[in-house]
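First up is the structure itself, then whatever we jot down about it.
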Amino acid sequence: MNKYFRITTMAYLILLTATLGAGLFAGIVVAPVTFHTEQWLGSEVLSHYQEGLIMTQNFVRLSYLVNFMLIVVALYEGYKYKKFERDTITQIATFFVFATGLLFSQYYIPDILTMQMAGEEMTKSAAFLNTHKGSEINFKIFSLALLVLIVRNMQKACK
Numbered sequence: 006m007n008k009y010f011r012i013t014t015m016a017y018l019i020l021l022t023a024t025l026g027a028g029l030f031a032g033i034v035v036a037p038v039t040f041h042t043e044q045w046l047g048s049e050v051l052s053h054y055q056e057g058l059i060m061t062q063n064f065v066r067l068s069y070l071v072n073f074m075l076i077v078v079a080l081y082e083g084y085k086y087k088k089f090e091r092d093t094i095t096q097i098a099t100f101f102v103f104a105t106g107l108l109f110s111q112y113y114i115p116d117i118l119t120m121q122m123a124g125e126e127m128t129k130s131a132a133f134l135n136t137h138k139g140s141e142i143n144f145k146i147f148s149l150a151l152l153v154l155i156v157r158n159m160q161k162a163c164k
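Shown next as structure tokens:
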């Protein structure tokens, strides 16, 4: 492996890991704090709907990182594929990262934004709750696939 490709691989792994970390931080730390502001402020200052609007903006900004990462994954993994440096696990993980990353940024986020713009009552509907639950499941699959992609690329880089 030449020097420049090693540097590219390290940068790629850092980007993948940073994206995974940002997603996990948003879901594990930011969401629970945002949706329980009364615990931190002493009284209910924001409604659940307002907390949801704030949380959505966090995920909108995260989707920018996810979209950028998807472009980099396409370029890096495409190059590796073209060089015949491929394996089934990496290909499957790449597919799931792409599918779930695009679903997150291009389907769930816009759909949730549209429902939120329809008003607070819409966010209490079964359609919104199902969409929100689907986005949570999707992001968990995305995170797992991203972790697999990180591990497989680290294994290859450490050879």
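Just so we're aligned, residue 6 is where the sequence shown starts under the numbering used here, counting upward by one. For every residue, glycine included, the Cβ atom is placed at its ideal position computed from N, Cα and C. Just so it is clear, the structure is predicted and the values come from calculations on it, not from any experiment.
CA-to-CA distance, residue j to residue i, given in whole angstroms
{"i": "Val-65", "j": "Lys-87", "result": "33 Å"}
{"i": "Leu-51", "j": "Thr-128", "result": "15 Å"}
{"i": "Lys-138", "j": "Ser-130", "result": "12 Å"}
{"i": "Glu-141", "j": "Tyr-54", "result": "18 Å"}
{"i": "Pro-115", "j": "Gln-44", "result": "30 Å"}
{"i": "Ile-76", "j": "Phe-103", "result": "9 Å"}
{"i": "Ala-162", "j": "Thr-13", "result": "11 Å"}
{"i": "Ala-31", "j": "Phe-101", "result": "20 Å"}
{"i": "Lys-85", "j": "Asp-92", "result": "10 Å"}
Whole-number beta carbon distance between residue j and residue i, since they are thought to touch under 8 Å
{"i": "Leu-154", "j": "Thr-95", "result": "7 Å"}
{"i": "Ala-147", "j": "Phe-89", "result": "One detail in the question is off: residue 147 reads as Phe in this sequence, not Ala. About 27 Å separates the two Cβ atoms, so there is no contact after all."}
{"i": "Thr-22", "j": "Leu-70", "result": "At roughly 12 Å, the Cβ-Cβ gap does not stay under 8 Å, so Thr-22 and Leu-70 are not in contact."}
{"i": "Tyr-17", "j": "Tyr-81", "result": "5 Å"}
{"i": "Gly-26", "j": "Leu-67", "result": "That pair is no contact at about 11 Å."}
Sub-8 Å separation of residue i and residue j beta-carbons
{"i": "Asn-143", "j": "Tyr-113", "result": "yes"}
{"i": "Arg-157", "j": "Ala-98", "result": "yes"}
{"i": "Gln-121", "j": "Thr-39", "result": "no"}
{"i": "Val-35", "j": "Asn-63", "result": "yes"}
{"i": "Met-74", "j": "Leu-20", "result": "yes"}
For residue i, the first and last residue of its enclosing alpha helix (DSSP H)
{"i": "Asp-116", "result": "114-122"}
{"i": "Asn-158", "result": "131-162"}
{"i": "Ser-68", "result": "53-87"}
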